[in-house]
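In our numbering, the protein residues as written are 45 to 264.
We treat Cβ as the ideally placed atom computed from N, Cα and C, and that holds for glycine.
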């Protein structure tokens with residue numbers, strides 16, 4: 045018996061937009077998937093041979109890169125941070141739109157010009173992307189790795205600036221911060237394990253189902 049195809053989907057913000065797309069692609073999760081009180085992490089679907097796992101966004105890429113899942117849905121920010129050679133990202137799903145930005149206290153920003161930076165200290169969960177971005181500009185970035193509560197870093201003196209995902213900007217504003225530079229526009233992609241793509245024939249038509257689902261949604 046062939047092992048099921050496992051699709052890794054992210055908890056949180058992207059999941060809400062991903063579910064209608066999964067259903068357009070003919071992948072309907074079992075009822076427990078929508079039960080917010082459920083502690084389960086793996087779920088069956090109405091399609092025999094396809095299961096879903098629900099993990100942290102940053103872990104989606106790791107599960108797929110190492111072959112524990114064959115497909116996944118993840119933001120382009122995560123792909124850029126990890127840069128796994130084992131991943132193929134054939135479809136931009138057009139969901140999870142936001143941007144990866146540099147922010148600092150509004151008071152600091154009033155007299156600051158990013159073009160004049162030479163060495164900066166930044167709190168972020170994207171140290172690779174951040175360092176790479178500033179290195180290309182000849183700026184030395186000292187990155188302090190945090191996994192959350194980024195907005196506290198300037199307030200408590202950990203680092204004067206942060207690099208984080210920004211959608212509406214409300215969280216920044218409520219913590220006295222403003223965007224001063226956009227590093228990248230972000231959207232979510234369908235990712236596939238390269239080895240599985242070559243060896244499991246059922247993955248190619250599955251990718252096409254996602255591509256058609258995106259086209260149908262955009263044409264609606």
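Whose C-beta lies closer than 6 Å to the C-beta of residue i among residues of the same chain, with five residues either side of it excluded?
i	result
residue 254	69, 135, 234
residue 163	184
residue 161	183
residue 232	58, 117, 119, 137, 139, 140
residue 186	165
residue 145	210, 223, 226
residue 126	105
residue 121	144, 230
residue 228	144
residue 208	194
Based on the DSSP secondary-structure assignment, which residues constitute the bridge partners of residue i?
i	result
residue 223	147
residue 189	168
residue 210	143
residue 232	119
residue 68	In the DSSP output, where bridge partners are listed per residue, residue 68 has none listed.
residue 20	Any question about residue 20 goes unanswered here, given that the chain covers just 45 to 264.
residue 73	89
residue 184	163
Looking only at its own chain, which residues have a Cβ that is under 7 Å from the Cβ of residue i, when we skip the five neighbours before and after it?
i	result
residue 240	111, 114, 247
residue 95	48, 50, 86, 87, 88, 89
residue 213	223
residue 61	139, 140
residue 56	101
residue 128	105, 109
residue 142	209, 210, 211, 230
Who are the near neighbours of residue i in its chain, counting only those whose CB is closer than 8 Å to its CB and skipping five residues on each side?
i	result
residue 188	165, 166, 167, 168, 197, 202, 203
residue 74	87, 88, 89, 90
residue 153	222, 224
residue 150	220, 221, 222
In terms of residue numbering, what span does the beta strand (DSSP E) encompassing residue i cover?
i	result
residue 52	49-54
Exposed or buried, what is residue i when buried is set at 16 or more other beta-carbons lying within 10 Å of its beta-carbon?
i	result
residue 46	exposed
residue 108	buried
residue 106	buried
residue 131	buried
residue 172	exposed
residue 205	buried
residue 92	exposed
residue 174	buried
residue 193	exposed
residue 237	buried
Hey, quick one: how far does the alpha helix (DSSP H) through residue i stretch, first residue to last?
i	result
residue 194	Per DSSP, residue 194 belongs to no alpha helix (DSSP H) and is neither H nor E.
residue 251	247-263
residue 239	238-243
Entirely within the stretch 85-144 and at least 3 residues each: give me those beta strand (DSSP E) ranges in chain order. 86-88, 94-99, 115-119, 131-136
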